[in-house]
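> No gaps in the numbering here: position 72 of the sequence shown is 869 in the numbering used here, and each next residue is one more.
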Amino acid sequence: MPLHKTINCFPDTQILLWNITETAEMLSEGLHLTQRSLDRLRNMKSDAHRCGFLSVRQLLLSLGYQDSDLYYDEFGKPHLTDGKHISISHSYEYSAIIISDRITGVDLELRRDKIAIIADKFIEPSFILDKNDPDYISKLTVNWGVKEAVFKIRNEKGISFKDHIDVKLFEMSDKKTTATLHFNNLQRQFDVYFEEIAEYTIVYLFERH
Ligand SMILES: CC(C)(COP(=O)(O)OP(=O)(O)OC[C@H]1O[C@@H](n2cnc3c(N)ncnc32)[C@H](O)[C@@H]1OP(=O)(O)O)[C@@H](O)C(=O)NCCC(=O)NCCS
């Protein structure tokens, strides 16, 4: 399936999702990849990874960006040559990009019960959940997605998901919440949005000025 969904959030922001059903060969059509991307593709161990990578380039192309408009810093964080902010995520059958004038991060996660097993490792003490809540797994997944997306904005060494990032409690029907990163002397607030698409959860957020 080509472009799966566009989420309209702010006029200066584009959020695009791809549902990956094609082969890597199909997903390569129309793309002009840089030598660096070709080398990366060749070194990828799985076809699933290659398809995630290529579907992101198809999403970029749909917005008029070539692969050469995208580059990575030494931490692996993506940037666009036109100065807009970009964040990328892929998870099995879906990939997502967000491009914005705002500082932004996105994360896609497949919802799985086994997230409950590692909840103690990333859930902060103030995020108190009822294990019998039918939305327990959904809420854990959003909490995790927030932290991955914050990390994509500020990937400083030493940031702990559990100790340094707090997510304000929410109901799934709210579709939004806020989060705070407090690390060393730094404090940053984020406006968080989330949505469930099939068995996946997308979380995207924006750093407040
Ligand atoms: C970098 C990280 C956030 C990527 O998340 P992920 O769920 O593994 O994978 P996703 O598909 O969502 O994101 C991958 C994309 O993130 C982007 N990315 C990679 N490193 C990044 C970085 N340092 N900063 C920002 N974005 C980054 C890339 O665009 C990458 O895709 P691409 O290389 O195909 O373009 C993750 O690997 C990570 O390091 N997380 C922190 C781990 C941690 O602290 N865990 C604590 C557990 S308690």
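For each residue, glycine too, the CB sits at the ideal point set by N, CA and C. Everything numeric in this text was worked out from a predicted model, so none of it was measured.
Could you give the residue range of the beta strand (DSSP E) that holds G955?
Within the sequence shown, residue 955 is the residue found at index 158, counting from 1. First-last for G955: undefined, no H or E at that position.
> Would you kindly check if the distance between the Cβ of E1004 and the Cβ of Q986 is under 9 Å?
As a first step, residue 986 is located in the sequence shown; it is residue number 189 there, counting from the start. As a first step, residue 1004 is located in the sequence shown; it is residue number 207 there, counting from the start. A contact, by the Cβ cut-off of 9 Å.
> Could you have a look at S923 and say whether DSSP puts it in helix, strand or coil?
As a position in the sequence shown, residue 923 is number 126, starting the count at 1. DSSP places S923 in coil when its eight states are reduced to three.
> So, with DSSP's three-state summary, where would you put G902?
Taking the first residue of the sequence shown as position 1, residue 902 is located at position 105. Note: G902 maps to strand in three-state DSSP.
> How should G873 be labelled, buried or exposed, when 16 other C-beta atoms within 10 angstroms of its C-beta is the threshold for buried?
Residue 873 sits at position 76 when you count from the first residue of the sequence shown. By the 10 Å Cβ count, G873 comes out exposed.
> Are L937 and A913 close, meaning C-beta to C-beta below 9 Å?
Counting from one through the sequence shown, the residue named residue 937 turns up at place 140. Counting from one through the sequence shown, the residue named residue 913 turns up at place 116. The answer is yes: Cβ separation under 9 Å.
> Give every residue of the same chain whose Cβ lies closer than 6 Å to the Cβ of S883, excluding the five residues on either side of it in the sequence, and list them in chain order.
Indexing the sequence shown from 1 puts residue 883 at position 86. It should be noted that the sequence gives Ile, not Ser, for residue 883. These residues qualify, in order along the chain: P875, L877 and I896.
> By DSSP, does Y891 sit in helix, in strand, or in coil?
Your numbering for residue 891 matches position 94 in the sequence shown. It is a strand residue.
> So is F807 buried or exposed if we call it buried at 16+ other beta carbons inside 10 Å?
Counting from one through the sequence shown, the residue named residue 807 turns up at place 10. Exposed is the call here.
> By the DSSP assignment, the beta strand (DSSP E) with A976 in it spans what residues?
The residue labelled residue 976 in the question sits at position 179 within the sequence shown. Segment K973 to F980, the beta strand (DSSP E) holding A976.
> In chain order, what residues of the same chain lie with their CB nearer than 8 Å to the CB of K973, ignoring the 5 residues before and after it?
On the sequence shown, position 176 is the one that residue 973 refers to. For K973, where only same-chain residues beyond five positions count, the Cβ hits under 8 Å are F967, D988, V989, Y990 and F991.
> Per DSSP, what kind of secondary structure is T878 in: helix, strand or coil?
Within the sequence shown, numbered from 1, the residue matching residue 878 stands at position 81. T878 falls in the coil class under three-state DSSP.
> Below 8 Å on the Cβ atoms is my guess for V947 versus S892; work out the distance and round it to an integer in Å.
Mapped onto the sequence shown, residue 947 falls at position 150. Mapped onto the sequence shown, residue 892 falls at position 95. V947 to S892, Cβ: 20 Å. No contact.
> Over what stretch of residues does the alpha helix (DSSP H) that includes E871 continue unbroken?
Here residue 871 is taken as the residue at index 74 of the sequence shown, counted from 1. Per DSSP, E871 belongs to no alpha helix (DSSP H) and is neither H nor E.
> At what residues does the alpha helix (DSSP H) containing N840 begin and finish?
The count along the sequence shown starts at 1 and reaches residue 840 at position 43. Here the alpha helix (DSSP H) through N840 covers Q832 to N840.
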